[in-house]
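Reviewing the structure listed below.
Protein chains in written order, with our numbering: chain F, 47 to 159; chain V, 1115 to 1618.
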């Protein structure tokens, strides 16, 4: 019963993180915040893998090792994705002088000057 | 004995098709740019040979090649499986990547004597990584393994967009990456739910265990939306036009012809192989409605573009829509016509891959030759570069669906299936989409072959060999039109019984 409760709480936390992540990704206009939002979303998904590992625990084991192995791979992939996104953002700041994805109005004005 | 022999051949082919491109990248890193040309000269033909051999073996055996990695049986281990559709996809991928490589050879060559340039090094590494990732997508049997392949594909595709390094292309690349990451997170979430519910991610095992309940629908919805984001189906296409128009011509060709098809392939795997029960829901109709909206919206947007590369990119948005018409038609309850729609859908994918690669290469050649790609200023350019515009026209015929071309056969098969199954609405969309495609193709051709107020001048001469490569891809799209108008055998290999050869 106690374990059941812990699993439920972690599951709800995972859902909350996913929701926050998607909300942040859609609402925030700044690219860096979007990248952070995707990381929050990712944490939620990874936590969900943890919950599933715990729930699927076989006799004598603390958890099902397969989802845990997936989480490790997932974290590596998410890390590389973040690194790539930040590198692109840095390049964007270097080229344009501003970290924004708003495209249409500004560049033409800048080109004019 | 025979089985063991087959499995050793399977292992050799399936593993080397994944590893050879990666070996090329590692050799580049280890040996440096000086040997770049030699490495490419060795790796591209070798990978092409292995892909073609795999396709030939699958076709001649008439059954899927399966290799169990490390001898660990699923669900714990991972299997590689090449069935009919993956073999065909591997062959098409190999042909297009090699053609694009020949096209890009001059542009991305390491200058001899000069210090090593970075762009060639990055370009060839990305193309090889992309090839390996695509093959991993076609061969994967494990949903999590497929997630990793999907991410590899994204990480190879995104830098290809901003190879030129301008402000607009970096923005396009970043937007593409953000969309793609959201998509892969949604896909991963669905994977987690499926594992939690059924304890396996192997597609074959999953198909036996999965049953219609709430968690399956939620997982399927999450994974499908995630993959649609990467496939750029309307209304999730926002990232595609700037990204595909901003990349160098060779990059755009690969992105538009192959990369978006990678995630589409995974959607098909999911809906037809892993969860065949999805066919009884409203899902297929919903996907096809989005596809129909994509056809209409993408074509109208293409008509309104002023820049040639953007027009071609919006045409991709429209042509992707046709692929999704396959779902309600090939999953219909009444099965006499499903295999017709199945073949039509795949032919649409192959012919679009050839036509769009040719068209992007032609658009790149036009932009190179004239120094701009404004459609309004093309007046009379057709007389200066006849072969390039001929390429554009031939590829365009396939996109419109004029016989004889691959696009015609594909659209005809889809059209007949939708009429035979009584799903008239899709037939109407196919016809209207063809008319709109005719509009935007002839807008370009008409402009190019009528003399403008001031005649265009060739800014940079373009080598004939590059024109010939683009032209042969367009001819490939036309040759697909000589495909017999019936369900193709190779695409049925390894199909579950539902789609078996129930040809009337």
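The beta carbon of each residue, even a glycine, is placed where N, CA and C say it ideally should be. Quick caveat, the model's predicted, so the values are computed rather than measured.
{"Asked": "At 8 Å on the CB atoms, spell out the chain F contacts of residue 1281 (chain V), in chain order.", "Found": "138, 141, 142 and 153"}
{"Asked": "Taking the straight line between their C-alpha atoms, what separation do you get for residue 1224 (chain V) and residue 1136 (chain V)?", "Found": "20 Å"}
{"Asked": "For chain V, is any of its Cβ atoms less than 8 Å away from the one on residue 162 (chain F)?", "Found": "Given that chain F is displayed from residue 47 to residue 159, the structure contains no residue 162 (chain F) and the question cannot be resolved."}
{"Asked": "Flag residue 54 (chain F) as yes if its beta-carbon sits less than 8 Å from any beta-carbon of chain V, otherwise no.", "Found": "no"}
{"Asked": "Buried or exposed: where does residue 1444 (chain V) fall if 16 or more other Cβ atoms within 10 Å of its Cβ makes it buried?", "Found": "buried"}
{"Asked": "Could I get the ranges of all uninterrupted alpha helix (DSSP H) runs contained in the region 1230 to 1274 of chain V, with 4 residues as the minimum, in chain order?", "Found": "1232 to 1253"}
{"Asked": "Rounded to the nearest angstrom, what separates residue 1572 (chain V) and residue 1492 (chain V) at their Cα positions?", "Found": "11 Å"}
{"Asked": "Using the beta-carbon of each residue, which ones in chain V are nearer than 9 Å to residue 127 (chain F)?", "Found": "1265, 1268, 1269, 1291, 1294, 1295 and 1298"}
{"Asked": "What do you get for residue 1574 (chain V), buried or exposed, if any count of 16 or more other CB atoms within 10 angstroms of its CB means buried?", "Found": "exposed"}
{"Asked": "Evaluate residue 1278 (chain V) with the Cβ neighbour count: other Cβ atoms within 10 Å of its Cβ, from every protein chain shown; 16 or more gives buried, anything less gives exposed.", "Found": "exposed"}
{"Asked": "Helix, strand or coil: which one does DSSP assign to residue 64 (chain F)?", "Found": "helix"}
{"Asked": "Quick one: using the 10 Å Cβ neighbour count with 16 as the cut-off for buried, is residue 1325 (chain V) buried or exposed?", "Found": "exposed"}
{"Asked": "Is the Cβ-Cβ distance between residue 1489 (chain V) and residue 1578 (chain V) less than 8 Å?", "Found": "no"}
{"Asked": "For residue 75 (chain F), count neighbouring C-beta atoms within 10 Å of its own C-beta (all shown protein chains included) and say buried if the count is 16 or more, exposed if not.", "Found": "exposed"}
{"Asked": "From residue 82 (chain F) to residue 1189 (chain V), what does the alpha carbon distance come to, in whole angstroms?", "Found": "34 Å"}
{"Asked": "Under 8 Å, do residue 1218 (chain V) and residue 1364 (chain V) count as touching if we go by C-beta distance?", "Found": "yes"}
{"Asked": "Using the C-alpha atoms, what's the distance from residue 1467 (chain V) back to residue 1168 (chain V)?", "Found": "20 Å"}
{"Asked": "Between the Cα of residue 1182 (chain V) and the Cα atoms of V:1144, V:1127 and V:1198, which residue gives the shortest distance?", "Found": "V:1127"}
{"Asked": "Express the C-alpha separation of residue 1150 (chain V) and residue 1450 (chain V) in angstroms, rounding to a whole number.", "Found": "52 Å"}
{"Asked": "Along the alpha helix (DSSP H) that carries residue 1195 (chain V), what are the first and last residues, could you check?", "Found": "Note, residue 1195 (chain V): premise wrong, no alpha helix (DSSP H); beta strand (DSSP E) at 1193 to 1196."}
{"Asked": "By DSSP's criteria, residue 1180 (chain V) is part of a beta bridge. Which residues make up the other side?", "Found": "V:1195"}
{"Asked": "Quick one: which chain V residues come within Cβ less than 8 Å of residue 91 (chain F)?", "Found": "1299, 1302, 1303 and 1306"}
{"Asked": "Can you grab the Cα-Cα spacing for the pair residue 1452 (chain V) / residue 1503 (chain V), in whole Å?", "Found": "37 Å"}
{"Asked": "Counting only C-beta atoms, is residue 108 (chain F) closer than 8 Å to chain V at any point?", "Found": "no"}
{"Asked": "Is there a C-beta anywhere in chain F that falls below 8 Å from the one on residue 1344 (chain V)?", "Found": "no"}
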